[in-house]
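*Asks:* According to the UniProt record's numbering, the residues represented by the sequence shown are 1 to 154, in order. To start, I am sharing the structure in question, which I have written as structure tokens.
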Amino acid sequence: MKISLITTAGKKIIRAGPVLSECLIGSYTMRLKCIRFRLTSKELPRMTATNAVWRPPRMCDDYWNEFNHCKSLWNRFYQYYTFGTIPACQQWKDDYKACREWEKRHNAEAKELLQQSERARVAAQSKFAPVWKLRQKPPEDWHLPLNQEKPEEP
């Protein structure tokens with residue numbers, strides 16, 4: 001099964017092979033309903049400028065898989081053992097529903113919910129302090145052999 005997309009000007013710009021196959025022409029890719037398309041480099045700026053294509057940062061199935069992993073008995077045991085609390089998994093399910101809503105209806109509210117959730121997730125990951133203190137310059141005695149000719153500190 002091969003698919004072709006014809007523009008309003010009658011030019012064939014997108015071709016795709018069977019479902020989930022690699023695309024045939026061009027150097028830019030776009031994912032639409034499990035079929036991978038490639039646009040020619042001439043048509044990409046015009047199409048993206050008019051359509052303003054936005055995709056969720058993850059596939060919807062990734063949100064569902066994260067939710068299932070979060071709800072698993074092994075993960076709950078691990079989280080309770082490590083942190084002393086059971087993980088809250090509802091956000092993954094909400095993100096999955098918003099992602100499906102975006103894929104089906106291109107709902108602006110669902111898009112905004114996904115963007116806020118991903119921003120909050122990135123902010124939560126970046127607030128942790130590094131384990132090691134970063135140096136700005138090497139120590140003054142870096143050239144000396146280890147534990148030799150180094151004055152002992154009292």
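Every residue, glycine too, gets a C-beta built ideally from N, C-alpha and C.
Given a cut-off of 8 Å on the beta-carbon distance, is the pair residue 73 and residue 98 in contact?
*Replies:* Not a contact, by the Cβ cut-off of 8 Å.
*Asks:* Measure the alpha-carbon distance for residue 66 versus residue 92 and round it to whole angstroms.
*Replies:* 7 Å
*Asks:* Closest by CA to residue 54, which one among 129, 122, 108 and 63?
*Replies:* 108
*Asks:* Span of the alpha helix (DSSP H) holding residue 102?
*Replies:* 90-105
*Asks:* Expressed to the nearest angstrom, what Euclidean distance is found between the alpha-carbon atoms of residue 116 and residue 70?
*Replies:* 20 Å
*Asks:* According to DSSP, is residue 117 part of a helix, a strand, or is it coil?
*Replies:* helix
*Asks:* Could you check if residue 110 is buried or exposed, using at least 16 other CB atoms within 10 Å of its CB as the buried criterion?
*Replies:* buried
*Asks:* For a test of the three-state rule: what should DSSP assign to residue 66, helix, strand or coil?
*Replies:* helix
*Asks:* Which of helix, strand or coil does DSSP assign to residue 73?
*Replies:* Helix at residue 73.
*Asks:* Within the same chain, show all residues whose beta-carbon is closer than 6 Å to that of residue 46, passing over the 5 residues directly before and after it, in chain order.
*Replies:* Reliability of the predicted coordinates at residue 46 is poor, the pLDDT of 43 falling under 50, and the value obtained from them is presented with this limitation in mind. No residues qualify anywhere along the chain.
*Asks:* Would you kindly work out how many angstroms separate the C-alpha atoms of residue 112 and residue 136, rounded to a whole number?
*Replies:* 40 Å
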